[in-house]
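Heads up, the sequence shown is in the numbering used here, so the first residue is 1009 and it goes up one at a time. Even for Gly, the Cβ is constructed at its ideal location relative to N, Cα and C.
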Amino acid sequence: MVAVVALIAFAPGTYDSYPRHALLGQARQARAPQWTRPCWHGATDEGDPPCVHVKGRIVWIQRHDPDGDGDRHFIVIARLHPRIVKIERDFPLAHLPRIGSAIDAVGYLSDGASGHEEVDAIRFGSAESR
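See the structure below:
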């Protein structure tokens, strides 16, 4: 059990961000990292929140939705730091991943209701399949 906890807690993962205004136009998109592709639609100006890529292991899943809007929150260890990833209620997801699952998500950085930064996922899936 201790080995499993250590494996999850010390998994390196990925955490990258990219300014969305740098995704305006095909020439800029061609120079951007491939993982930013889900963020290409809808970028408008420098006021847009950055596009973020998180890849890591889930260490916590929100089991109770305190505000009742149906979204789901996960804490993922990426680059040895906890990151909050949120998926909306209507996000097409066949089943919720379990604690210890490796996930790969892309979304927009926002200030969550908890006061911590979170990634509002627009792409979310298993890291094993990517």
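- In the pairwise beta carbon analysis, the segment 1055-1065 is classified as touching the segment 1019-1029: at least three pairs are separated by under 8 Å.
- Secondary structure note for R1131: its beta strand (DSSP E) is the uninterrupted segment 1125-1134.
- If you look at R1036, you'll find it in the alpha helix (DSSP H) that goes 1034-1039.
- It is roughly 14 Å from the alpha-carbon of D1073 to the alpha-carbon of G1120.
- The alpha carbon of A1129 has as its nearest neighbour, out of R1091, G1108, P1041, the alpha carbon of R1091.
- With a cut-off of 8 Å on Cβ pairs, the segment 1108-1119 is in contact with the segment 1047-1062, counting three or more such pairs.
- Along the length of the segment 1052-1121, whole beta strand (DSSP E) runs at least 3 residues long occupy 1059-1069, 1080-1086, 1089-1095, 1110-1119, reported in chain order.
- Taking a 10 Å sphere around the C-beta of A1035, we find fewer than 16 other C-beta atoms and assign the residue as exposed.
- Separation of the CB atoms of R1028 and P1058 is rounded to 6 Å, and the pair is thereby assigned contact status at 8 Å.
- Around F1132, the same chain offers I1095, A1113 as residues with beta carbons nearer than 6 Å, after the five sequence neighbours per side are excluded.
- In terms of CA proximity to Q1042, V1060 leads the group D1077, G1055, V1060, D1053.
- One alpha carbon belongs to F1099, the other to S1134, and they sit about 15 Å apart.
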